[in-house]
Amino acid sequence: MPLFDKKDKSRYATFTRRSLGMGGGMTLVFAILAGRLYQLQIRDGDQYMTEAEDNRINERLLAPPRGRIFDRFGIELANNRRNYRVLLVAEQATDGVEQALDTIGKVIALTDAQKKRVLATLAQNKKFVPVPVAENLSWEEFSRINMHLPYLPGVQPDVGETRDYPFNDELVHILGYVAAVSPEDKKNDEDPLLDIPGYRIGKRGIERQFDSVLRGSAGASRVEVNAYGRVIRELGHEAGAPGQDVWLTIDHEVQQFVSKRLGNESAACIVTDVATGDIIAMASTPGYDPNLFNVGISPDQWRGLTEDDHKPLLNKIMDGVYPPGSTFKPVVALAAVEAGLATPEYRVSCNGATTLGNHTFHCWKKGGHGTLDLEGGIKNSCDVFFYETARRLGIDKIQEVALKLGMGALTGIELPGEKSGFIPSRAWKQKRYGVAWQQGDTMSCGIGQGYVTATPLQLALQVSRIASGRNVSPRLVHMVGNELARRESAVPLDLSETGLARVREGMNQVTNVPGGTAYAFRIAEPGFEMAGKTGTAQVRAYSQEEHLHGVTKNAALEWKLRDHGLFIAFAPVAQPKYACACIVEHGSDGHPQVLMARDILLFTQKRDPLGQPTAYPIKAASLPESAVR
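Counted from 1, the sequence shown has number 134 at position 137 by the working numbering; the numbering is strictly sequential.
Now the structure itself:
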């Protein structure tokens, strides 16, 4: 009997169409699946195999050892030491991260600030990434962690490397320091090293200026991970290339002496080689311990540094801008010779004051100095001599010579943050204040006051160029890696030897001829004599009553109202080898800056009596206050 009778032909046709449709649909589905399988396994098989392998094998960056910093004789000024630290893997902290930190805190001291920092760092990284909890542990602390390790889930003891500054605050304003990477650093620098938890970069000084070469290149660790990114085993390890070493021109023994000699004063001193521009020593006091920023500075320590009126964070050598006072007078004297004004017959008579219109300009010596020539004006630091000389010269000629001596412009020293000081001009005042330049402005500039400012670095450059007669530039870095730092050769200044010689003689008389403002502080040992120029920079205006009855002594004023004491010098006089600039903020009372510079120049010369600290290893009694102006 037929399955369907003739009455069910319509139902049969419907069933057949549905069967064919379903069969065709299934055929299409299998055809698509077959095509996709062909694409995945045959056509694109190699590509997906590579991607799968990449997901299974991860490469992780390893921080390389940071390059070292040496002095000119190979003494390590910044190096790396072992860093005993504790890491935490959030994924393995079975009782939670906060509980893990509390448990660690029972073994070693952990502050609330440290805990907050760890929690913030963990939030920025994957749970399986180890994050530093505490670093620079003592051996005793590290041992306790290892002893309690079975009860500290997620904790990993680790021995790494960290930056170390063995001389603490002696070189901090030269070397700077390293510190943790900030979010702002990551925005400005795409180096993947910055993503390594706990990585540190240079923040100031040489560490910052040469950070890219000191970093080196990262190493890599090839590890096998599971689908969750957890490490199963290490497949390969390639150490990174250490950063390049940097050799400085600094002589650490001289640097150490300078730092000790400045003591706790708010002061700065720099010693340079007048022939090459090499910086032998450069100190700004007080300083601070750069290791604090590496291990982590506390809020109280930071507050102490920022609120100290002696400004320990400021590098006064190149960031401190001061009126140069009488140390600017050699510039005016040289300009007078160059302009043909100060001939051998040129004289100025000083009776203690000079007038311009209805304004009186006073000399520091009441009663005056009498009649003086150029050398006598420098020797006695006569204000009236330089008021009158500057008035006759005009600011344009003074500015021209000042710029040639390195004033009013950046010196190009290899450190970030240098200030340029300022030498004014007629055009500048018109543009800045909308008024014309006045003769009184020129007279104030003639004694290093008014609009004139300079850094101690610029003062050292000024005296270096006067002593050598060449356009030397300060240099702090001798070599980076195996390559000598590039430098321009020093050519003779566009100034007459006659003018330079007369200024040198005037500075010689300051220290070595009776009556000179620094004669009491001279170097008396034959062959080591120095020539110099004293200076006092006012930080307050003297009243008319003070001019008439005597200026209030610095000792009677509060510290911040006292005048700055400055001194520039070169030595030895016969064949200049070293230049020095020294400033003691609010410290002209007793003239410590002159005594400091004298002792420093004598020490430097005796350390190198033959004048040869230029070879680098391949791999090292008081006068009255008014007398010094």
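C-beta: ideal position from N, C-alpha, C; glycine also.
Only a predicted model underlies this, so the values are computations on that prediction, with no experimental measurement involved.
Query                                                                                                                                                  : Result
Who are the Cβ neighbours of F139 in its own chain at under 7 Å, not counting the five residues just before and after it?                              : Y81, P154
Let's test the definition: count the other Cβ atoms within 10 Å of the Cβ of M404 and tell me whether it reaches 16, buried, or not, exposed.          : buried
State the Cα-Cα distance for the pair A576 and Q590, rounded to the nearest angstrom.                                                                  : 14 Å
For R519 and T508, which I take to be in contact (beta-carbon distance under 8 Å), what is that distance rounded to the nearest angstrom?              : 5 Å
Can you list, in chain order, the residues of its chain whose CB lies under 7 Å from that of M628, leaving out five sequence neighbours each side?     : The chain is shown from -2 up to 626; residue 628 falls before or after that span and cannot be answered.
Name the DSSP bridge partner or partners of H356?                                                                                                      : L353
Along the chain, where does the alpha helix (DSSP H) containing R212 start, and where does it finish?                                                  : 208 to 212
How big is the Cα-Cα spacing for D248 and K124?                                                                                                        : 48 Å
CB W434 to CB I395, shorter than 8 Å?                                                                                                                  : no
Can you name, in chain order, every residue of its own chain whose Cβ lies under 8 Å from the Cβ of D491, other than the five neighbours on each side? : K401
According to the Cβ coordinates, are I580 and G529 closer than 8 Å?                                                                                    : no
I'd like the span of the alpha helix (DSSP H) that includes I101, first residue to last.                                                               : 94 to 102
Look at R65 and N76 and say whether their C-beta atoms are less than 8 Å apart.                                                                        : yes
Using DSSP with H/G/I as helix, E/B as strand and the rest coil, what is T269?                                                                         : strand
Just mark F27 as buried or exposed, buried being the case when its beta carbon has 16 or more other beta carbons within 10 Å.                          : exposed
Taking 6 Å as the limit between beta carbons, can you name the residues of its chain near V115, skipping five residues before and five after?          : V130
Go through its chain and collect everything with a Cβ distance to D242's Cβ below 6 Å, but skip five positions before and after it.                    : G64, R65
Give me the Cα-Cα distance between I171 and L412, rounded to the nearest whole angstrom.                                                               : 8 Å
For T159, which of T118, G293, D92, G93 has the nearest alpha-carbon?                                                                                  : G293
Among residues of its own chain, excluding the 5 on either side of P239, which ones have a beta-carbon nearer than 7 Å to its beta-carbon?             : P61, P62, G64, G213
E397 by DSSP, collapsed to three states: which one?                                                                                                    : helix
Please list the terminal residues of the continuous alpha helix (DSSP H) segment that includes L371.                                                   : 371 to 377
State the beta-bridge partners of E480 as determined by DSSP.                                                                                          : V477
Would G322 and L563 be called neighbours here (beta carbons separated by less than 8 Å)?                                                               : yes
Terminal residues of the continuous alpha helix (DSSP H) containing V334?                                                                              : 326 to 335
Nearest-angstrom Cα distance between Q446 and K326?                                                                                                    : 10 Å
Is it right to say V271 is buried, meaning 16 or more other beta carbons lie within 10 angstroms of its own, or is it exposed?                         : buried
Output the distance between the C-alpha atoms of S16 and L25, rounded to the nearest integer angstrom.                                                 : 14 Å
Measure the Cβ-Cβ separation of V474 and A487 and say whether it is below 8 Å.                                                                         : no
Rounded to a whole number of angstroms, what is the C-alpha to C-alpha distance between A534 and I142?                                                 : 57 Å
Tell me the DSSP secondary structure of M440 in three-state form.                                                                                      : helix
In whole angstroms, what is the alpha-carbon distance linking Y225 and I193?                                                                           : Because Y225 carries a pLDDT of 46, less than 50, the predicted location of this residue cannot be relied on, and no value is offered for it.
Taking the alpha carbon of A515 as the point to measure from, which residue in V536, D560, A594 has its own alpha carbon closest?                      : A594
Quick check on this structure: which residue in V510, V500, S263 has the alpha carbon closest to the alpha carbon of P341?                             : V500
Taking C-beta to C-beta, are T601 and V156 nearer than 8 Å?                                                                                            : no
Which residue or residues does DSSP assign as beta-bridge partners of Q153?                                                                            : L84
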